[in-house]
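Here the structure comes first, spelled out in structure tokens, and everything after it is commentary.
Numbering (our numbering), first residue to last: 348 to 610.
What follows is the structure, given as structure tokens:
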């Protein structure tokens, strides 16, 4: 939705003034309630440890996607939201401030707010209405495509805002426990997990040979850490953070091979 033209400060309408007053009152009330009901840090830490030992959370706790020829990875927005919920007295979200269909961009706010401390981490950024493809950048004009693009970029900035707001020691321990949980698996044997990974990737068109190339050695040598890494990549492909071909580039055909095929 296009942003309305800003009104001069001296001509703020009555409805706008009422809305501003209501929002200010809500902010004061939220901070007051949070300060009257402070978090129990020990309970939050224990709940975080329990949650991060659950495989269902650990398998979604990390992301991986290509950027400028390299792979970027780290703790996911899913983990960030879970940790914020457990930490308590936190509000977070994204808000589209404006959309310019002529310039092909949106202005978006991502924020995370510790109500108890009244401490806020926020960032306003420009989201271009474009998508990177193997054939270059593609302009987005369909409303659904623009919405999904903004939501994806907003989630990345929101993740940064939440982790900037949460205590470093709290998130560091959560990441370590999730990594350990992911490496241990869901209770099945290593061989079963290897076969499950192969079967899962087969359904999306990835071969054993491609997996072995990704890992760097034959499946007979794969260990828990290798399966954990493959699981992170699989989740990222499933969530659309990277395409299958970006995660597993098809082999390039050399000029010699083309010449040989023509003979």
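A virtual CB, placed ideally from N, CA and C, is assigned to each residue, including glycine.
These numbers come from a predicted model, not from an experiment.
Query                                                                                                                             : Result
Test item: CB-CB of residue 530 and residue 571 under 8 Å                                                                         : yes
Alpha carbon of residue 595 to alpha carbon of residue 438, nearest angstrom                                                      : 38 Å
Nearest to residue 538 (by Cα), restricted to the options 568, 480, 522, 443                                                      : 568
contact_flag[the region 376-389, the region 463-480] where n(CB pairs < 8 Å) is 3 or more                                         : yes
Spatial neighbours of residue 541 in its chain, beta-carbon cut-off 8 Å, leaving aside the 5 residues before and after            : 566, 569, 574
Spatial neighbours of residue 442 in its chain, beta-carbon cut-off 6 Å, leaving aside the 5 residues before and after            : 456
Neighbourhood of residue 467 by C-beta, 8 Å cutoff - its chain only, sequence neighbours within 5 removed                         : 458, 459, 460, 461, 512
Sequence-distant residues of the same chain with beta carbon closer than 6 Å to residue 353, five excluded per side               : Since pLDDT at residue 353 reaches only 46, below the 50 mark, its modelled position is unreliable, and the value read off the structure follows with that caveat. Once the five neighbours on either side are set aside, residue 353 has no close Cβ partner at all.
Exposed unless 16 or more other CB atoms sit within 10 angstroms - verdict on residue 429                                         : buried
Three or more C-beta pairs below 8 Å linking the region 490-497 and the region 406-417                                            : no
Residue 461: first and last residue of the uninterrupted alpha helix (DSSP H) it sits in                                          : Where residue 461 is concerned, there is no enclosing alpha helix (DSSP H), although the beta strand (DSSP E) it sits in stretches over 452-461.
For residue 369, the three-state DSSP class (helix, strand or coil)                                                               : helix
Rounded C-alpha distance that separates residue 561 from residue 366                                                              : 54 Å
Residue 593 in three-state terms, based on DSSP                                                                                   : helix
Beta-carbon proximity check, residue 500 vs residue 474, cutoff 8 Å                                                               : yes
Beta-carbon contacts of residue 368 that lie in its chain and below 8 Å, excluding the five residues immediately before and after : none
Any non-hydrogen atom of the ligand ZN within 7 Å of residue 579 CB                                                               : With respect to small molecules bound, the structure shown includes none, and the ligand ZN cannot be examined in it.
Residues that residue 437 bridges to, as DSSP identifies them                                                                     : 461
Where the beta strand (DSSP E) through residue 469 begins and ends                                                                : 466-475
C-alpha distance - residue 579 paired with residue 470, whole-angstrom precision                                                  : 27 Å
Neighbourhood of residue 425 by C-beta distance below 6 Å, restricted to the same chain and skipping five residues each side      : 407
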